[in-house]
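Structure first, commentary second.
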Amino acid sequence: MAIRTFGPNAVDWEQRVDLDRLRAARLARLDATLEASSLGALLTFDFSNIRYMTATHIGTWAMDKLIRFAVLPRGGQPVLWDFGSAAKHHQLFNPWLHGTERARAGISTLRGAFHPDAGIAEEVAHKVATVLREHDLAGEPLGVDLVEMPILAALRAEGLDVVDGQQVFLEARRIKTEDEISLLTHACSMVDAAYDELYSFMRPGVRENECVGLVSKVLYDLGSEYVEGVNAISGERCSPHPHVYSDRILRPGDPAFFDILHSHLGYRTCYYRCFAIGSASPAMRDAYTRCREYMDAAIAIVRPGTTTADVVSLWPTAQEFGFPDEEAAFALQYGHGVGLSIWEKPIFSRLVSLDHPEVLEEGMVFALETYWPAGDGWSAARIEEEVVVTADGCEVITKFPAEDLLVAGQRYWTVDGPLPTVRDSQSHLNTAAGRGER
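Spelled out as structure tokens, the structure:
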């Protein structure tokens, strides 16, 4: 099997991603999952869930504002309240919302910035309750994904039974449609290109933040909707993994690993690659080999019917790589679904998966991440692959080479030939005299 990728443009001579089909299939999955639940309706303030439900987007600047909200009544159609003139835009250009009927102006509390006495929370609750009463659902449980405390209180004051709705959203999004898989694969192809540019760019003297800037430019030039982050980690910062880039300068012999997170039409990537700058120490080479072995063992068993417990049982315990327990080592040997957000279902972690396994199914898309600290006490390797579960196995959609540790930067030559790419970063330790050998 080979998952097809296409150019991002629409053309008349080839069937590519079908966005009308994407919108309809997502809403159908959400409708079916709601119907199978005990809930009467879903209320969402989460940016990704709003997009999945209504196929609307107003820019990533609004992702953390909690200003938009939408409700899906059982047996009905979604109703969206959006920010100012965005609602007017939806009425004009989103025909699937049928104009003012289901694309309405509305605003939440701006995360508390509005004066508490302004009645904004009460107005939000009244809008939602009105829709539920129109569908005779006001007495049924209302599932909410996330909510601010004043709005929660106002919803309850309207007599609504507010319960957790996030599991319904995540269940619907767990299996990806054909078009979602195409978009996720295309997002990975953009990161493939970013890594190619990054590999050519890295050398001693380059700073981590410069790498972040380069990757961001490549992705935006290719049409990325949003570069969520570039985790650039090098040298002594690799162990323990700090999960944030700095302005550190790359040095000869450094390990350097990167996680590139961006979205294409909302569909995300979480895609690590690991490099050595100029050369790698034997300890770093060994760490990478072990990291790769854990990854390959996991990929080898991915198929429908395998469980998350089966996968994590192949990975080391926290104590085996220097942590007191699985909570302290969380997200180092890890897996997570990828879709409109990262860290969707299923989750792979020894923290939870052994006791609460999830069964893999065809159409799931997830990332698997492995990590191993080197024996030198300061370097470490990190690898991540995104996979699509197929009918009889899986396909990896992260294509930048990772089977062996890549060495970036200029190749150095000595009077006796090329400088070895496996060597200690301290030159004296590469000579017999420096090692104290006679």
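Residue 441 in the numbering used here sits at position 169 of the sequence shown; the count goes up by one each step and never skips.
Idealized CB from N, CA, C, for every residue including glycine.
Excluding the 5 residues flanking it on each side, PRO476 has same chain C-beta neighbours closer than 7 Å at LEU522, ARG523, PRO524, ILE549, GLY550, GLY681, in chain order. Within the region 605 to 648, complete beta strand (DSSP E) segments of at least 3 residues are found at 606 to 610, 614 to 620, 637 to 645, given in chain order. Residue pairing by DSSP places TRP685 opposite PRO690 in a beta bridge. Out of ARG654, LEU404, LYS448, the CA that lies nearest to the CA of ASN503 is found in ARG654. Bounds of the beta strand (DSSP E) holding VAL351 are 351 to 354.
TYR467 sits in a helix when the DSSP states are folded into three classes. Taking a C-beta distance under 7 Å as the contact criterion, ALA674 and SER625 do not qualify as a contact pair.
Excluding residues up to 5 positions away in sequence, PRO413 lie with their Cβ nearer than 8 Å to the Cβ of SER310 in the same chain. Cβ neighbours of ARG446 within its own chain (closer than 6 Å, five residues either side excluded): LYS617.
Taking 7 Å as the cut-off, the Cβ atoms of SER553 and ASP696 count as close.
Note on geometry: alpha-carbon atoms of LEU432 and ASP417 lie some 15 Å from one another. Look at GLU598 here: in three-state DSSP terms it is coil, with no helix or strand label. If you look at LEU306, you'll find it in the alpha helix (DSSP H) that goes 291 to 308. The beta carbon of ASP451 lies closer than 8 Å to those of VAL289, ASP290, LEU291, ARG293, LEU294, ALA297 in the same chain, with the five residues before and after it left out.
CA-CA distance, GLY378 to PHE317, rounds to 12 Å.
By the beta-carbon neighbour count (other beta carbons within 10 angstroms, threshold 16), SER506 is buried.
A direct Cα-Cα distance of roughly 34 Å separates LEU442 from ARG509. The C-alpha of ASN702 lies about 14 Å from the C-alpha of ALA555. Taken in chain order, the unbroken stretches of alpha helix (DSSP H) that lie wholly in the region 339 to 382 and span 4 residues or more are 357 to 365.
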